[in-house]
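Numbering (my numbering), first residue to last: 774 to 909.
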């Protein structure tokens, strides 16, 4: 009986340790890699701009927490969010936010983010902001 309880305790310990170590890196790994900006929507002005895949890329590096933006847009009437450059980013838990995690890029909170079906959506539309749609 003692042997069974000991095995059970060891298995439960591995379960808890395994869960806690995975949860810290999952978000970082989910957004790592290159994403193509395909659309920006929202605000009171009713922005609805689309971009050909590859015109603007965001490359998230989770090791040094930077995003490298390569922006080939030449149309000043399109809202393309960020100019070409390297920006620091951080994933935040914001108390009172409508989501579990938000993304801060270069000191500005860009809003909630979610990853599904090879799309990354950064959304601050709840504050009359914009939604940034990127595709893997």
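Ideal Cβ placement from N, Cα and C applies to all residues, glycine included.
Buried or exposed by the 16-neighbour rule on C-beta atoms within 10 Å, applied to residue i
| i | result |
| --- | --- |
| residue 833 | buried |
Nearest to residue i (by Cα), restricted to the options the options
| i | options | result |
| --- | --- | --- |
| residue 923 | 841, 897, 851 | Because the chain in this structure spans residues 774 to 909, residue 923 falls outside the shown range and cannot be described. |
| residue 849 | 822, 884, 908, 907 | 822 |
| residue 714 | 893, 810, 855, 902 | Because residue 714 is not part of the residues shown, which for the chain are 774 to 909, the question remains open. |
| residue 852 | 835, 837, 818 | 818 |
| residue 816 | 854, 838, 847 | 854 |
Contact set for residue i: own chain, Cβ-Cβ below 6 Å, skip 5 residues either direction
| i | result |
| --- | --- |
| residue 860 | 840, 878, 879 |
| residue 845 | 828 |
| residue 896 | 884, 885, 904 |
| residue 882 | 875 |
| residue 843 | 830, 857 |
7 Å CB neighbourhood of residue i in its chain, flanking five on each side removed
| i | result |
| --- | --- |
| residue 803 | 888 |
| residue 893 | 804, 808, 886, 907 |
| residue 836 | none |
Beta-ladder partner(s) of residue i, from DSSP
| i | result |
| --- | --- |
| residue 822 | 813 |
| residue 909 | DSSP output for residue 909 lists no bridge partner at all. |
Spatial neighbours of residue i in its chain, beta-carbon cut-off 8 Å, leaving aside the 5 residues before and after
| i | result |
| --- | --- |
| residue 891 | 908, 909 |
| residue 820 | 813, 814, 852, 903 |
Any 3 or more C-beta pairs closer than 8 Å across the stretch 876-883 and the stretch 856-866: Enough Cβ pairs lie closer than 8 Å, so yes.
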